[in-house]
Amino acid sequence: MDVYLPIANLSVNGLFIVLLGGLTGILSGLFGVGGGFLTTPLLIFYGIPPTVAAASAATQVTGASVSGVLAHSRRKGVDYRMGAVMVGGGIVGALIGGALFSVLQTLGQIDIVINILYVLMLGSIGTLMMREAVSTLRPGLLGKGPQVRKRRHHPLVASLPYRWRFYASGLYISPLAPAILGMLVGILTMLMGVGGGFLLVPAMLYILGMSGNVVVGTSLFQILFVTMVTTMTHALTTKAVDLVLAALLLLGSVLGAQFGTQIALKARPEYLRLALAALVLLIALRMLYGLGVQPDEIYTVVPL
1 MDVYLPIANL
11 SVNGLFIVLL
21 GGLTGILSGL
31 FGVGGGFLTT
41 PLLIFYGIPP
51 TVAAASAATQ
61 VTGASVSGVL
71 AHSRRKGVDY
81 RMGAVMVGGG
91 IVGALIGGAL
101 FSVLQTLGQI
111 DIVINILYVL
121 MLGSIGTLMM
131 REAVSTLRPG
141 LLGKGPQVRK
151 RRHHPLVASL
161 PYRWRFYASG
171 LYISPLAPAI
181 LGMLVGILTM
191 LMGVGGGFLL
201 VPAMLYILGM
211 SGNVVVGTSL
221 FQILFVTMVT
231 TMTHALTTKA
241 VDLVLAALLL
251 LGSVLGAQFG
261 TQIALKARPE
271 YLRLALAALV
281 LLIALRMLYG
291 LGVQPDEIYT
301 VVPL
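So in our numbering, the last spot in the sequence shown is 304, and the numbers never skip.
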């Protein structure tokens with residue numbers, strides 16, 4: 001079933017885009033990530049222009065996050081106070097990212113910057129995830145008991161002033177730490193169409209020291225509102241949001257998020273992280289290859 005995308009100016013297989021959205025939704029429910037870090041490069045591989053892919057993927061991440069937040073909220077897995085602080089920082093970051101996006105688009109360098117950022121980001125994140133998954137599985141394979149990591153926030157976080165109590169997360173820290181973290185994620189969301197959960201979840205665990213039972217839900221809560229602001233900013237400034245593409249992705253992601261949440265309750269997280277790390281590294285290598293070869297179309301015609 002071919003569907004025409006008016007902003008991307010090409011026809012795509014509608015079923016494929018829906019299935020791609022479903023994959024993103026599953027990842028959202030499993031790991032608390034928006035899934036845009038995989039959606040955007042896969043759309044680029046399919047032939048969608050990087051600017052349209054990034055802007056439309058951010059729109060789709062919003063839908064996946066709504067479904068995921070509702071699922072985690074039912075089991076009291078969301079720290080709304082922590083999430084609100086991160087949302088405030090994320091909105092500021094999205095506005096900063098919007099200004100950077102417009103500058104790079106004016107210079108004609110936004111496509112190459114998006115691709116380079118994805119190679120660096122996916123390569124780094126995939127490597128770290130692989131190392132963590134292997135180190136977690138190794139004691140079990142050798143017949144040893146799993147090593148329990150003591151939950152504690154980073155010393156830099158402990159040194160910040162104006163501490164608040166975040167009861168659901170079991171923390172007494174400065175709100176400046178989650179606000180700065182949210183701002184960085186907001187910049188990435190605007191530039192790359194990612195939810196930022198792949199950075200946010202590890203940072204919430206190992207830098208802020210949050211309780212593991214609220215990390216995924218709180219991450220999705222922050223992603224939900226930041227991607228909403230990102231979508232509006234893209235629509236008003238870059239004009240790169242393709243509503244038809246976003247609607248197809250949303251259709252799959254909302255259903256996929258519920259399915260992913262059910263899997264997360266039953267599957268071993270170590271094996272899930274290992275599989276996700278392998279997938280991320282493969283996509284990073286494919287994007288690196290794409291940067292080094294001559295494209296099929298050397299010139300791009302942009303309507304005035």
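Even for Gly, the Cβ is constructed at its ideal location relative to N, Cα and C. Remember, predicted model here, so these are calculated numbers, not experimental data.
For Ser11, the pairing in a beta bridge is given by DSSP as Tyr4. Excluding five sequence positions before and after Tyr162, the CB atoms of its chain that fall closer than 6 Å to its own CB belong to Ser174, given in chain order.
For the pair Ser169 and Thr218, the CB atoms are nearer than the 9 Å cut-off.
Closest in C-alpha terms to His72, from the list Ala179, Asn9, Gln258 and Tyr289, comes Gln258.
Distance from the CA of Lys76 to the CA of Val214, rounded to the nearest whole angstrom, comes to 8 Å. DSSP places Leu156 in the helix class (H, G or I) of the three-state scheme. A residue is called buried when at least 16 other Cβ atoms come within 10 angstroms of its Cβ; Ser124 does not meet this threshold and is exposed. Annotation for Leu191: the continuous alpha helix (DSSP H) segment containing it runs Leu176 to Met192. Spatial neighbours of Gly212 in its own chain (CB-CB distance under 7 Å, excluding positions within 5 residues in sequence) are listed in chain order as Leu205.
Within the same chain, Cβ atoms closer than 8 Å to the Cβ of Leu160 are found at Ile173, Ser174, Leu176 and Ala177, the five residues on either side in sequence being excluded. For Ala55, the CB contacts under 7 Å within the same chain, skipping 5 residues up- and downstream, are Gly193, His234, Thr238, Ala240 and Val241 in chain order. Counting along the chain, Leu224 sits inside the alpha helix (DSSP H) bounded by residues Gly212 to Thr233.
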